[in-house]
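Listed in order, the protein sequences are those of chains V and W. All residue numbers for the first sequence refer to the numbering used here, where the first residue is 40 and numbers rise by one. All residue numbers for the second sequence refer to the numbering used here, where the first residue is 187 and numbers rise by one.
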Amino acid sequence: MTTLGQVALAAVALLFMLSAPAFLSEHQIHILIQILFFAYLSSCWNILGGFTGQLSFGHALFLAVGAYTSTLLLLQLGVSPWIGMLAGGTLAGALGLFIGYLSFRYGIKGTFFVLVTLAFTEIARIIALNTSAIGGASGLYIPIRANDLWHLKFVNKSHYYYVIFGLLLIVLAVTAWLERSRAGHRLVAIRENEDAAEALGVNLLRYKLLATALSAFLTALGGTFYAHYVTFIDPSTLLNMNMALEITIYSIVGGIGTLLGPLLGAAVLVPIAETVRAEFGHNYAGVHLVVYGALLMIIVRYAPDGIIGLIRWLREQWTKSRLLPAHQTSEAKP
Amino acid sequence: MTSALVLQAIVSGLLLGGVYSLICVGLTLTFGVMRIINFAHGEFLMVAMYATYFFAVGFKTEPYAAIVVVLPGLFLFGVLIFHFLIRPIQSRDPLNQMLLLVGLSLVLQNGALALFSPDTRALQSALLYSKLELGDVIIGMPMLIAFVVSILITLALYWQLRFTELGRMIRAAASDRGAAELMGINVNRVNMLAFGMGIGCLGVAAPLMMPVYYVVPDIGTFFILIAFVVVVLGGLGNFVGAMLASFLVAIAQSIGALFMPGSTAPVLPFLLFILVLLFKPEGLFGRPAR
Numbered sequence: 040m041t042t043l044g045q046v047a048l049a050a051v052a053l054l055f056m057l058s059a060p061a062f063l064s065e066h067q068i069h070i071l072i073q074i075l076f077f078a079y080l081s082s083c084w085n086i087l088g089g090f091t092g093q094l095s096f097g098h099a100l101f102l103a104v105g106a107y108t109s110t111l112l113l114l115q116l117g118v119s120p121w122i123g124m125l126a127g128g129t130l131a132g133a134l135g136l137f138i139g140y141l142s143f144r145y146g147i148k149g150t151f152f153v154l155v156t157l158a159f160t161e162i163a164r165i166i167a168l169n170t171s172a173i174g175g176a177s178g179l180y181i182p183i184r185a186n187d188l189w190h191l192k193f194v195n196k197s198h199y200y201y202v203i204f205g206l207l208l209i210v211l212a213v214t215a216w217l218e219r220s221r222a223g224h225r226l227v228a229i230r231e232n233e234d235a236a237e238a239l240g241v242n243l244l245r246y247k248l249l250a251t252a253l254s255a256f257l258t259a260l261g262g263t264f265y266a267h268y269v270t271f272i273d274p275s276t277l278l279n280m281n282m283a284l285e286i287t288i289y290s291i292v293g294g295i296g297t298l299l300g301p302l303l304g305a306a307v308l309v310p311i312a313e314t315v316r317a318e319f320g321h322n323y324a325g326v327h328l329v330v331y332g333a334l335l336m337i338i339v340r341y342a343p344d345g346i347i348g349l350i351r352w353l354r355e356q357w358t359k360s361r362l363l364p365a366h367q368t369s370e371a372k373p
Numbered sequence: 187m188t189s190a191l192v193l194q195a196i197v198s199g200l201l202l203g204g205v206y207s208l209i210c211v212g213l214t215l216t217f218g219v220m221r222i223i224n225f226a227h228g229e230f231l232m233v234a235m236y237a238t239y240f241f242a243v244g245f246k247t248e249p250y251a252a253i254v255v256v257l258p259g260l261f262l263f264g265v266l267i268f269h270f271l272i273r274p275i276q277s278r279d280p281l282n283q284m285l286l287l288v289g290l291s292l293v294l295q296n297g298a299l300a301l302f303s304p305d306t307r308a309l310q311s312a313l314l315y316s317k318l319e320l321g322d323v324i325i326g327m328p329m330l331i332a333f334v335v336s337i338l339i340t341l342a343l344y345w346q347l348r349f350t351e352l353g354r355m356i357r358a359a360a361s362d363r364g365a366a367e368l369m370g371i372n373v374n375r376v377n378m379l380a381f382g383m384g385i386g387c388l389g390v391a392a393p394l395m396m397p398v399y400y401v402v403p404d405i406g407t408f409f410i411l412i413a414f415v416v417v418v419l420g421g422l423g424n425f426v427g428a429m430l431a432s433f434l435v436a437i438a439q440s441i442g443a444l445f446m447p448g449s450t451a452p453v454l455p456f457l458l459f460i461l462v463l464l465f466k467p468e469g470l471f472g473r474p475a476r
């Protein structure tokens with residue numbers, strides 16, 4: 040595909056996404072928002088988990104920091120969520136630096152880093168459940184107002200759609216920049232072979248911390264969006280192991296460490312989740328994870344590069360069959 | 187009065203530690219085989235608890251009777267999972283193996299949710315309210331039984347690993363796969379048995395726990411987090427370490443519950459865990475890592 044073709048394709052996709060609310064129902068927009076939301080979170084996770092190869096099951100924590108910070112600032116001090124969003128992001132980035140510094144300084148990686156991030160999330164969950172000043176187990180409600188851009192409050196779902204779409208474009212731009220920049224190449228070098236990267240002069244600690252902080256900061260922005268879209272936050276939905284796993288699964292199923300993998304993963308999985316949920320109803324929160332778990336196992340076992348990997352493979356086969364028509368299986372058949 | 191409370195907390199902690207150790211000894215055994223932490227261990231426990239529940243309800247027996255079915259059942263389940271899911275990707279990146287087990291845990295947990303609903307299920311046991319009273323300290327009979335049996339099983343497993351031919355083969359396969367193969371050990375078969383044994387421990391744990399605990403589809407998540415803490419504190423793959431760490435964690439929890447505000451005591455194991463991972467990653471009782 041030429042670069043011109045790619046640009047045209049991107050323009051058409053952009054135009055389609057921008058005009059989508061005009062011809063979709065409220066419910067369809069809701070599903071689209073969920074796709075974009077999880078694509079966003081998973082793209083943020085992908086910077087640390089995919090590009091840098093440091094798997095984290097603690098991104099629910101950064102999400103919750105973003106949601107709680109902006110909500111508390113709004114409820115206590117009347118601060119606009121847009122400012123709260125940046126405050127939450129900064130706080131989450133600092134927390135990411137702290138967790139990352141503790142772990143990476145001692146060379147903790149792989150499954151042990153996973154466990155450290157899980158432990159921090161669990162500590163946060165227990166503390167949040169027991170702190171009445173931030174709502175405790177009963178959570179926090181955000182009062183509903185009329186349309187108010189400054190307070191991130193809209194009557195119409197399509198406005199939220201544009202907010203999350205904007206956030207997604209930002210994280211995709213950051214990721215695309217990482218793919219081309221020196222810093223990004225260093226992150227990938229760390230993932231592929233830490234020792235070799237270090238031998239070539241990559242400062243492991245600095246670049247791992249950079250990835251952690253960036254990933255945490257962006258994830259927290261999504262938390263603020265979540266709080267205002269759902270208008271209710273509590274520890275058991277946000278600081279929950281399933282939430283942490285879900286964030287990672289979209290990337291892995293779509294194609295870990297790729298620009299569009301998380302988006303593809305969310306676009307395939309979220310509609311499946313919606314269907315399963317419609318079948319089982321609200322008492323069975325999480326039942327869609329049967330499908331997610333099964334797909335995760337299949338992908339890990341048979342297609343570690345995810346859906347993107349499958350597409351690449353199919354395209355290769357197609358090119359091969361065009362170049363070498365004699366080997367086409369369809370012609371071999373009588 | 188306070189000292190009596192503390193004493194009671196220590197005893198309750200010890201008993202709870204017995205339950206933890208039964209779960210964690212199995213987890214540490216499977217770690218020895220796979221070199222990765224089994225994320226689905228809690229869900230195997232959940233499966234064993236449901237199996238115990240349905241056995242005891244179906245045959246109108248005491249939960250303990252379910253051991254005759256649940257133990258071999260879980261062993262077989264573990265062997266099959268190892269053979270069909272873990273063995274084919276054993277040579278791959280450990281994180282890949284971990285993700286496969288994460289997938290398995292999601293399927294089991296939420297499959298149970300779809301099949302059995304989120305309702306809690308508990309069993310009646312004749313022993314539930316019988317207890318020993320030693321001065322001010324009260325010991326519930328089901329917890330005492332769980333405690334004694336779990337210690338016996340841990341010691342039996344330790345002895346088996348240490349002094350039997352199969353144990354020697356398991357240890358050899360865990361410490362150096364290639365060398366073990368050269369010595370004529372069928373590493374795949376040995377690992378399959380060891381994995382089955384690790385999961386089989388849960389087939390004993392569940393019937394011992396069911397008189398006191400109820401079962402819900404996500405019960406595994408609660409125990410697995412504690413179990414991760416315990417096996418890391420104990421030194422991964424270290425049996426006696428896992429047992430001691432179980433007691434340590436459980437006692438810390440029950441004493442913490444006396445002094446810490448609200449229900450914040452559960453953070454203690456995780457704080458301890460982070461500290462140990464950072465400063466003594468080979469575990470509290472560890473010789474240095476392999």
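All C-beta atoms, glycine included, are put in the ideal place defined by N, C-alpha and C.
Those residues of the segment 265-284 of chain V placed with their C-beta closer than 7 Å to a C-beta in chain W are Met280 and Leu284, ordered along the chain.
When only Cα atoms are considered, V/Phe55 and V/Ala49 end up about 10 Å apart. Taking the Cβ atoms as the reference, W/Leu290 lies roughly 4 Å from W/Ala226, within the contact range of under 8 Å.
Counting only the Cα atoms, W/Met429 lies some 41 Å from V/Leu257.
W/Ala380 places its beta carbon 7 Å or farther from that of W/Ile410. Taken through DSSP and simplified to helix, strand or coil, W/Lys466 comes out as coil. With a cut-off of 8 Å on Cβ pairs, the segment 290-309 of chain W is in contact with the segment 321-339 of chain V, counting three or more such pairs. Cα atoms of V/Tyr140 and V/Leu244: separation of roughly 8 Å, rounded to the nearest angstrom. For the segment 213-232 of chain V, the beta-carbon criterion of a distance under 7 Å to any beta-carbon of chain W is satisfied by none of its residues.
DSSP places W/Val293 within a helical segment (H, G or I) once states are collapsed to three. When rounded, the separation of the alpha-carbon atoms in W/Thr340 and W/Leu352 is 16 Å.
Note that the C-beta distance between V/Gly123 and V/Leu134 is not below 7 Å. Neighbourhood of W/Leu260 in chain V, by CB distance below 7 Å: empty, with the nearest CB roughly 20 Å away. At a cut-off of 7 Å between beta-carbon atoms, V/Thr358 makes no contact with chain W.
Per DSSP, W/Ile253 lies in no beta strand (DSSP E); the unbroken alpha helix (DSSP H) holding it starts and ends at Ile253 to Ile267. For V/Ile295, the nearest beta carbon of chain W is not closer than 7 Å to its own beta carbon.
With contact defined as three or more Cβ pairs closer than 8 Å, the segment 248-263 of chain W and the segment 416-435 of chain W are not in contact.
When DSSP assignments are scanned along the segment 312-359 of chain V, the uninterrupted stretches of alpha helix (DSSP H) that are 4 or more residues long and fall wholly within it turn out to be 328-341. In the DSSP secondary-structure assignment, V/Ile183 is not bridged to any residue.
DSSP places W/Phe225 outside both helix and strand once states are collapsed to three, so it counts as coil. Taken through DSSP and simplified to helix, strand or coil, W/Val415 comes out as helix. Listed by position along chain W, the residues whose Cβ is nearer than 7 Å to that of V/Pro343 are Asn282.
Membership of W/Ile325 in any alpha helix (DSSP H) is not indicated; the residue belongs instead to the beta strand (DSSP E) covering Val323 to Gly326. W/Leu318 is bridged by DSSP to W/Ile325. Under the 7 Å criterion on CB atoms, W/Thr214 is classed as non-interfacial with respect to chain V. Put simply, the CB of V/Ala158 is near chain W, with a gap under 7 Å to one of its CB atoms. The beta carbon of V/Ala126 sits closer than 8 Å to the beta carbons of Thr108, Ser109, Leu112 and Val118 from its chain, once the five residues preceding and following it are set aside; these are given in chain order. Residue contact check for W/Val453 against chain V: a CB pair falls below 7 Å.
The beta carbon of V/Ala250 lies closer than 6 Å to those of Ile86, Leu87, Thr91 and Leu226 in the same chain, with the five residues before and after it left out. With a 10 Å radius around the Cβ and a threshold of 16 neighbouring Cβ atoms, V/Glu285 comes out buried.
For the set V/Val329, V/Met282 and V/Gly348, the Cα lying nearest the Cα of V/Pro274 is the one of V/Met282.
Scanning chain V for C-beta atoms nearer than 7 Å to the C-beta of W/Pro249 yields nothing, as the closest lies near 27 Å away. Burial state of V/Arg219 is exposed, judged by a 10 Å Cβ sphere holding fewer than 16 other Cβ atoms. Below 8 Å, enough C-beta pairs join the segment 293-308 of chain V and the segment 77-84 of chain V to call them touching: three or more. At least one C-beta of chain V is nearer than 7 Å to the C-beta of W/Phe456. In this structure, the alpha-carbon of W/Phe217 lies about 10 Å from that of W/Asn424.
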